[in-house]
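**Student:** Handing you this structure, nothing more for now.
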Amino acid sequence: MKVYQSNEIKNIALLGSKGSGKTTLAEAMLYECGVIKRRGTVDGQNTVSDYFPVEREYGYSVFSTVFYAEFLGKKLNVIDCPGADDFIGGAITALNVTDTGVIVIDSQYGVEVGTQNIFRYTEKLNKPVLFAMNQLDGEKADYDSVIEQMRETFGNKIVRVQYPISCGPSFNAMIDVLKMKMYRWKPEGGEPEILDIPDSEKEKAAELHQQLVEAAAENDEGLMEKFFDQGSLTEDEMREGIRKGLVTRSIFPIFCVSALRDMGVRRMMEFLGNVVPFVSEMPKPINNEGDEVAPDSNGPTSLFFFKTTVEPHIGEVSYFKVMSGKVREGDDLLNVNRGSKERLSQIFCVCGQIRTKVEELVAGDIGATVKLKDVRTGNTLDGKGIEYYFDFIKYPDPKFQRAIKPQNEADAEKLSEILTRMHEEDPTWVIEQSKELKQTIVSGQGEFHLRTLKWRIENNDKLMVNFEEPRIPYRETITKPARADYRHKKQSGGAGQFGEVHLIIEPYYEGMPAPDTYKFNNQEYRMNVRDTQVIDLEWGGKLVFVNCIVGGAIDARFLPAIQKGLMDRMEQGPLTGSYARDVRVCVYDGKMHPVDSNEISFRLAGRNAFSEAFKNAGPKILEPIYDVEVLVPADKMGDVMSDLQGRRAIIMGMSSEKGFEKIQAKVPLKEMSTYSTALSSITGGRSSFTMKYASYELVPSDVQDKLLKEYEATQSAE
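Residue numbers (the numbering used here): 783 to 1500.
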């Protein structure tokens, strides 16, 4: 294979909702470019994409697939991305390392929630977009209706490059208003006849051609002047105007295809080859120092590793983008993230699981290598003299959690190693060994996402695991002041143990005044503050420790021990064993023994006094509350609202957004455990949601009673 330069390389992400036909379109693209001799099908499980066993088992894309095509003297690197919302990580990664997004729309269903989510990411990353209207030969295909929907959703920047003469099973021809020709196919698709536009379509075609000319001219002052002078532009001038409009996201061209029957695919490929921007024409990526890094083949060598897979008989395959310079087989590079040296013994261009060995790749190109020692997804490898580091991929917060454990406890360490490797393959699988919950928590984008993780562990690694509902990280606090004292006394021959602590506890809030006077059972307790320590707790909130000891009742050297005793109970709250937070403790009196007092005595006295006071201070359980945003079709709004209210949700607001309804609510984490599955079931997979931690709030009294009984039952069982 020839070495392509930065101004000959185009990087494209193939995006769209689940079922829109991306994998089938990828197959047709490869066929049209001569990369494959025969088109595979999803049903036949023989496509270039979707080659992992789990994808063949489920019948849809789980991982993004990298492939390339040499076409019209250029190299097109394409990443076919999963469409399901659960696997959005693959699409986000692809958009970060490519320059143009092709969003595939199923003309039978139009703009779906998944389409909107993808478009939002292209907007955030400022990437050019063109639309491929697919499945125009489908029974329910309705081109005109979908165009209206797209205009409502994406605005007036959408512009038709092609339109079908008819939709449905009879679809076999379209008008191209850039070339002003009609393309017509035989039933089996493939090579079209290119004909003059029939008289019946000339008026419509001329109108759409004029709209396309105007949209192209708007992106260049010279073209605009020429358009005003002559009223038209040449085909090459229109291409130039469209290219500039793509870069600035001021134009979103629409193409017509039937991927399954290979109709319109080659024409779209011509547009990708001739019009969409080259790597060298796009905004430059920013490194960790905030500097732009130009895709210059003569610059210093820097590779960003964006994807890792583990494949049978090969092991780890690491995918990279050449950010700067060039990389050759046998190069020695430094892993900036991990400080280790790596030799790239082989480099490849990849087409699914087919790897073509190459000797060199230049800035802007995408390739792969194998058998690296210590490279993880997100790492940067640099040549001598530079320390570029890239960290530009940001993933959404997880939406679904499960506790995972091996069926055989002896496999715990093996499972931990597997989970670490899985996270390296897909960073949206988040793994946490929770000391608080005493569980291994795996988090992901949805139930299918985690089900895929489980399938792969059990089928690829032959390790049987169980999923459980994760425990909820409750917190405990108090609602009123309380006083307690406790004497720890132990005598067992020789030196004994003695420590007595008197303390007052109360709820803490930011900016509260210093402690002064308290009254319990008609007795006043005046505080003389000697010292205040504010301890920021790892789990959120504060413990404020106030020394009010006068007259040397307790020696200063024992105060740290008392504080440790308080922390013991803060780490295991008296109500449910959960972490406690936001408590102020005033230690104001106590007693010592000249011989028997020691640190352990005061630690135990402080702990027990605190525990007793806590139970009398109106103790309450706090639960984590999340901000939840749901995007739902209007016809399912009522069902979704009803379900949320059944989950103790507080609806904070509702609005319409580009054809969908948006619900904003605050929902307890406890009630979100099965929400991903329930929402998909209620709306037939046509909704999506995001959730983000908001705050801790008091649980209702009936929920608290239930939690206390559950905790008592577990304690008595132990």
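Glycine is no exception: its CB is placed at the ideal position from the N, C-alpha and C atoms.
Given this structure, state the Cα-to-Cα distance separating S1379 from C1330, to the nearest angstrom.
**Tutor:** 20 Å
**Student:** Which residue from P1094, D981 and L1285 puts its Cα closest to that of D1392?
**Tutor:** According to the sequence shown, residue 1392 is Phe rather than Asp. Of the candidates P1094, D981 and L1285, the one whose C-alpha sits nearest the C-alpha of F1392 is L1285.
**Student:** For D1243, which residues from the same chain have a beta carbon less than 7 Å from its beta carbon, with the 5 sequence-adjacent residues on both sides left out?
**Tutor:** Here the set comprises I1200.
**Student:** How far does the beta strand (DSSP E) with D1371 in it extend, from its first residue to its last?
**Tutor:** V1365 to K1373
**Student:** With which residues is H1095 paired in a DSSP beta bridge?
**Tutor:** Looking at the DSSP assignment, H1095 forms no beta bridge with any residue, so it has no partner.
**Student:** G1055 and L854 look like a contact to me (Cβ under 8 Å); what is the Cβ gap, rounded to whole Å?
**Tutor:** 4 Å
**Student:** Please tell me whether L1451 and Y1408 are closer than 8 Å, where the distance is taken between their beta carbons.
**Tutor:** Yes, Cβ-Cβ distance for L1451 and Y1408 is below 8 Å.
**Student:** Tell me the residue span of the beta strand (DSSP E) that contains E1124.
**Tutor:** S1122 to R1125
**Student:** What does the alpha-carbon distance come out to for the pair S846 and P1094?
**Tutor:** 17 Å
**Student:** How should S889 be labelled, buried or exposed, when 16 other C-beta atoms within 10 angstroms of its C-beta is the threshold for buried?
**Tutor:** buried
**Student:** Looking at the secondary structure, which residues open and close the alpha helix (DSSP H) in which L1426 lies?
**Tutor:** M1419 to Q1427
**Student:** Starting from E1202 and walking both ways along the alpha helix (DSSP H), at which residues does that stretch end?
**Tutor:** Glu is not the amino acid found at residue 1202; the sequence shown has Thr there. It spans A1194 to E1207 - the alpha helix (DSSP H) in which T1202 sits, taken as one unbroken run.
**Student:** Taking buried to mean at least 16 other C-beta atoms within 10 Å of its own C-beta, is F869 buried or exposed?
**Tutor:** buried
**Student:** Apart from the five residues on each side of it in sequence, which residues of its chain come closer than 7 Å, Cβ to Cβ, to C1368?
**Tutor:** L1285, I1286, P1297, M1309, V1328 and C1330
**Student:** Using a Cβ-Cβ cut-off of 7 Å (strictly less than) and excluding sequence neighbours within five positions of R1021, which residues of its own chain qualify?
**Tutor:** N1056 and V1057
**Student:** Nearest to T1314 by CA position, among E1320, Y1307 and K1324, is which residue?
**Tutor:** K1324
**Student:** Is A810 helix, strand or coil by DSSP?
**Tutor:** helix
**Student:** Quick check: the Cα distance between S1100 and V785, rounded to an integer number of angstroms?
**Tutor:** Spanning the alpha carbons of S1100 and V785 requires a straight line of approximately 20 Å.
**Student:** Contact defined as beta carbons within less than 8 Å: I believe F1009 pairs with A999. What is the distance between those atoms, to the nearest angstrom?
**Tutor:** 4 Å
**Student:** N1161: buried (16+ other C-beta within 10 angstroms of its C-beta) or exposed?
**Tutor:** buried
**Student:** Give me the residue from Q1183, I1336, K1220 and R1031 with the minimum Cα distance to G883.
**Tutor:** Nearest of Q1183, I1336, K1220 and R1031 to G883, Cα basis: R1031.
**Student:** Is it the case that the Cβ atoms of Q931 and A923 are separated by a distance below 8 Å?
**Tutor:** Contact: no.
**Student:** Any idea what DSSP makes of F1086, helix, strand or coil?
**Tutor:** Strand at F1086.
**Student:** May I ask you to list the residues that DSSP assigns as paired with Q1486?
**Tutor:** The partner list for Q1486 (beta bridge, DSSP) is empty, contrary to what the question assumes.
**Student:** Starting from A1431, trace the beta strand (DSSP E) both ways and give me its first and last residue.
**Tutor:** Premise fails: A1431 is in no beta strand (DSSP E) and is neither H nor E.
**Student:** Could you check which residue in E814, G892 and N828 has the C-alpha nearest to that of Y850?
**Tutor:** E814
**Student:** Between which two residues does the alpha helix (DSSP H) harbouring G1004 extend?
**Tutor:** Note, G1004: alpha helix (DSSP H), E1003 to Q1012.
**Student:** To the nearest angstrom, how far is it from the Cα of E1381 to the Cα of E1320?
**Tutor:** Near 24 Å, if we compare the C-alpha coordinates of E1320 and E1381.
**Student:** One question on the structure: do E1017 and K961 come within less than 8 Å of each other, judged by their Cβ atoms?
**Tutor:** yes
**Student:** Let me check understanding here. Comparing Cα to Cα, which of A1395, V860, D1208 and K800 lies closest to D809?
**Tutor:** Correcting the residue identity first, residue 809 is Glu in this sequence and not Asp. With distances taken between Cα atoms, E809 lies closest to V860.
**Student:** Determine the closest residue to V1365 out of R1257, C1038 and I1033, with distance taken between C-alpha atoms.
**Tutor:** R1257
**Student:** In whole angstroms, give me the CA-to-CA distance for S1225 and E1214.
**Tutor:** 8 Å
**Student:** May I ask whether a heavy atom of the ligand MG can be found less than 7 Å away from the beta carbon of Y850?
**Tutor:** This structure does not include the ligand MG; it has no bound ligands of any sort.
**Student:** For Q993 and E1007, what's the separation of their Cα atoms in angstroms?
**Tutor:** In a straight line, the C-alpha of Q993 is about 16 Å away from that of E1007.
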